[in-house]
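Asks: Please read through the structure below; I'll follow up with questions.
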Amino acid sequence: MTLVHIVLFKFRSDVSEEHKKTFVTELKKLKHLSCVKAGRLLVGGPSVTDPIERSKGFQIALVSYHENQEALAEYQASDEHHRVTSTYMFPYKEDLVRFDFEVDEEDEYMCQFPLGSLGI
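In the UniProt record's numbering, the protein residues as written are 1 to 120.
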């Protein structure tokens, strides 16, 4: 099974671009946690949605893959996740949206791809 974890981040207007870049760098380090399925964690931004208003002001997105709900809970309870969110996000956020879902069995094949294509 695969569980997909999606988070959209919106920072307060007084937060610098440098801080946001540091946050992205720190978020990307979480891909090395064993509870992230095959290191599949993506972070991106800014939005290229057209028109930009459809992004609702969210500036950074994270998508990560986990084996199951227990692995996602382990990810969120990890010291590394806590360090990144408590240091770089929670004190500076305006808003946050989280959406998690289990991949349907018939779509699971789309979550499998050769590790070579991951650059690993």
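The beta carbon of each residue, even a glycine, is placed where N, CA and C say it ideally should be.
Buried or exposed for S34, please, with buried defined as at least 16 other CB atoms from any protein chain shown within 10 angstroms of its CB.
Replies: As a working mapping, residue 34 is identified with position 34 in the sequence shown. With fewer than 16 Cβ atoms within 10 Å of its Cβ, S34 is classed as exposed.
Asks: On the CB-based measure, 16 or more other CB atoms within 10 Å of its CB, does L42 come out buried or exposed?
Replies: Within the sequence shown, residue 42 is the residue found at index 42, counting from 1. Exposed, because fewer than 16 other Cβ atoms sit within 10 Å of the Cβ of L42.
Asks: Going by other Cβ atoms of all chains shown within 10 Å of its Cβ, with 16 needed for buried, is I52 buried or exposed?
Replies: As a position in the sequence shown, residue 52 is number 52, starting the count at 1. With fewer than 16 other Cβ atoms within 10 Å, it is exposed.
Asks: Quick one, are the C-beta atoms of I6 and V63 less than 8 Å apart?
Replies: The residue you call residue 6 lines up with position 6 of the sequence shown. The residue you call residue 63 lines up with position 63 of the sequence shown. Between I6 and V63, the CB-CB gap stays under 8 Å.
Asks: Residues in the same chain with beta-carbon distance under 6 Å from I120, minus the five sequence neighbours each way, listed in chain order, please.
Replies: In the sequence shown, residue 120 corresponds to position 120, counting from 1. Reliability of the predicted coordinates at I120 is poor, the pLDDT of 47 falling under 50, and the value obtained from them is presented with this limitation in mind. Within the same chain, I120 has no close Cβ partners at all.
Asks: I need the straight-line Cα distance from V36 to N68, nearest angstrom please.
Replies: Stepping through the sequence shown from its first residue, residue 36 is reached at position 36. Stepping through the sequence shown from its first residue, residue 68 is reached at position 68. Distance between the alpha carbons of V36 and N68 is about 10 Å.
Asks: Buried or exposed for M89, please, with buried defined as at least 16 other CB atoms from any protein chain shown within 10 angstroms of its CB.
Replies: Within the sequence shown, numbered from 1, the residue matching residue 89 stands at position 89. Burial call: buried.
Asks: Which residues in the same chain have their Cβ closer than 8 Å to the Cβ of G57, if we skip the five residues on either side of it in sequence?
Replies: Within the sequence shown, residue 57 is the residue found at index 57, counting from 1. These residues qualify, in order along the chain: K10, E94 and D95.
Asks: Determine the burial state of A71: buried for a count of at least 16 other Cβ atoms within 10 Å of its Cβ, exposed for fewer.
Replies: Locating residue 71 in the sequence shown gives position 71, counting from the first residue. Under this definition A71 is a buried residue.
Asks: Taking the beta strand (DSSP E) that A61 falls in, what are its first and last residues?
Replies: Within the sequence shown, residue 61 is the residue found at index 61, counting from 1. That run of the beta strand (DSSP E) goes I60 to H66.
Asks: Go ahead and pull the three-state DSSP assignment for D79.
Replies: Against the sequence shown, residue 79 aligns to sequence position 79. Residue state, collapsed to three classes: helix.
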